[in-house]
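Peer 1:
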Amino acid sequence: MNNDYRIEVRNLSVIYKNLIPITENFQALKDVSLTLEPGRIYGLLGRNGAGKTSLLSVLSAFRKASSGDVLINGTPLFDNGALMQHIQFIYQKKFDTESGETYPKIRKYIKKETAYRPYFDLDYADELIQKFGLPTNKRPHKLSKGMQSVLSVIIGLASRAPVTIFDEAYLGMDAPTRDLFYKEVLKDQARHPRIMVMSTHLVSEMEYLFDEVIMIHQGELIKKGTYDELVAAGMAITGRADVVDQFAVGKDIINIESLGGFKKITLFGDISEEDHLLAQALALEVSAVTLQDLFIHLTT
Numbered sequence: 172m173n174n175d176y177r178i179e180v181r182n183l184s185v186i187y188k189n190l191i192p193i194t195e196n197f198q199a200l201k202d203v204s205l206t207l208e209p210g211r212i213y214g215l216l217g218r219n220g221a222g223k224t225s226l227l228s229v230l231s232a233f234r235k236a237s238s239g240d241v242l243i244n245g246t247p248l249f250d251n252g253a254l255m256q257h258i259q260f261i262y263q264k265k266f267d268t269e270s271g272e273t274y275p276k277i278r279k280y281i282k283k284e285t286a287y288r289p290y291f292d293l294d295y296a297d298e299l300i301q302k303f304g305l306p307t308n309k310r311p312h313k314l315s316k317g318m319q320s321v322l323s324v325i326i327g328l329a330s331r332a333p334v335t336i337f338d339e340a341y342l343g344m345d346a347p348t349r350d351l352f353y354k355e356v357l358k359d360q361a362r363h364p365r366i367m368v369m370s371t372h373l374v375s376e377m378e379y380l381f382d383e384v385i386m387i388h389q390g391e392l393i394k395k396g397t398y399d400e401l402v403a404a405g406m407a408i409t410g411r412a413d414v415v416d417q418f419a420v421g422k423d424i425i426n427i428e429s430l431g432g433f434k435k436i437t438l439f440g441d442i443s444e445e446d447h448l449l450a451q452a453l454a455l456e457v458s459a460v461t462l463q464d465l466f467i468h469l470t471t
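Per my numbering, the very first residue in the sequence shown carries number 172; after that it's consecutive.
1. Per DSSP, what kind of secondary structure is Lys276 in: helix, strand or coil?
2. Thinking just about the alpha-carbon of each residue, which of Asn174, Ser458, Tyr213 and Ile212 is nearest to the one in Ile408?
3. Just list the beta strand (DSSP E) runs in the segment 220 to 296, keeping only unbroken ones of 3 residues or longer that don't cross its boundaries, in chain order.
4. Kindly list the residues whose CB is nearer than 8 Å to the CB of Tyr213, restricted to its own chain and excluding five residues on each side of it in sequence; keep chain order.
5. For the candidate residues Leu205, Leu215 and Lys201, whose alpha-carbon lies nearest to that of Gln463?
6. Here's a check: name, in chain order, each residue in its chain whose Cβ is nearer than 6 Å to the Cβ of Ser158, leaving out the five neighbours to either side.
7. DSSP puts Val334 in a beta bridge; with which residues?
8. Tell me the DSSP bridge mates of Glu391?
9. Applying the 10 Å Cβ sphere with the 16-neighbour rule, what's the burial state of Thr348?
10. In terms of residues, what are the limits of the beta strand (DSSP E) holding Val180?
11. Is the beta carbon of Phe439 sitting closer than 8 Å to the one on Leu469?
12. Decide yes or no for the touch test of the segment 302 to 318 against the segment 226 to 235: beta carbon pairs closer than 8 Å, at least 3 of them.
13. What do you reckon, are the CB atoms on Glu135 and Leu242 nearer than 8 Å?
14. Whole-angstrom Cβ separation of Val324 and Phe337, contact assumed at under 8 Å?
15. Would Ala361 be called buried (16 or more neighbouring beta carbons within 10 Å of its own) or exposed?
16. Which residue or residues does DSSP assign as beta-bridge partners of Thr397?
17. Gly239 to Phe249, Cα distance in whole Å?
18. Would you kindly check if the distance between the Cβ of Phe291 and the Cβ of Ala329 is under 8 Å?
19. Whole angstroms are fine: how far does the CA of Gln259 sit from the CA of Gly327?
20. Ordered along the chain, which non-local residues of its own chain (more than five positions away) have a Cβ less than 7 Å from that of Phe266?
21. Quick one, are the C-beta atoms of Gly217 and His388 less than 8 Å apart?
22. Put Leu342 into one of helix, strand or coil per three-state DSSP.
23. Can you tell me the Cβ-Cβ gap for Leu205 and Lys395, rounded? I've got them flagged as a contact below 8 Å.
24. Could you check which residue in Tyr280, Tyr379, Met406 and Gly252 has the C-alpha nearest to that of Val460?
25. Going by beta carbon distance, what residues of the same chain come within less than 6 Å of Arg278, once the five residues before and after it are set aside?
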């Protein structure tokens, strides 16, 4: 498997044109630029409507950007069949039979869906079917929502595509099944490194998976860095309100909570050793900030 792919996103914008003349077009992504390096797992965080699915759709060549470029090793991605077969985009598929479409049983469905995936491993897919307890005597539309999610992640993992994208693939899974999925992600990433992008709202549950975190808000890239970098840039300060205010002068405050005469602020930015010493000198309580709290405060 070619695991040396490097993705460059340059000044990417996506605009949905409204067909109703009296309403405005909607810009889902605004001038997003970032780089995805080989063999890394990226966590994509954003509130509902932030533009996560729009970004992933362009990264997987499902959608053409309104402007900007996506390059893989310097080659434009969109409409490039040779590159597109090396990208696996897993999303919550609706198995609709009302249109007259019929689905084969599970193993035949997997073979059909992965016919053009050059690195797909059927033996690994069978191993995952056993681990997850996926019933193979059923057709996809007859599965529970949780098992439909399992079917999707099995295809994503066993595809071993150099670029594998999971757009909230955990939906419908119970906690033990999600845990098994996470373990398989780490295990197979170690065996077959690839670029993996995972969008999620379950930040605290999945953060340990991520080599890097990408945060988008209202269509814009607001933060990108390793877990350690982002968490180290956050700090919570608690104490008497007047003393906290004295400490906070000139600092980047992303959240404020007040209770009686006490105040708690959350800072994000360059936090120096002098800041820690000053907080101690002022008898203020200093505590770490979780990635989930940073995500909530930075996107409020």
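We treat Cβ as the ideally placed atom computed from N, Cα and C, and that holds for glycine.
Peer 2: Straight from the coordinates:
1. coil
2. Ser458
3. 238 to 243 and 258 to 261
4. Leu207, Ile366, Met367, Val368, Met369, Phe381, Asp382, Glu383, Val384 and Ile385
5. Leu215
6. No information on residue 158 is available, as it lies outside the stretch 172 to 471 that the chain covers here.
7. Ile258 and Ile366
8. His388
9. buried
10. Ile178 to Tyr187
11. yes
12. no
13. This structure does not reach residue 135, given that the chain is present from 172 up to 471, and the question cannot be answered.
14. 7 Å
15. exposed
16. Glu383
17. 11 Å
18. yes
19. 6 Å
20. Tyr274, Pro311, His312 and Gln319
21. yes
22. coil
23. 6 Å
24. Met406
25. Thr307
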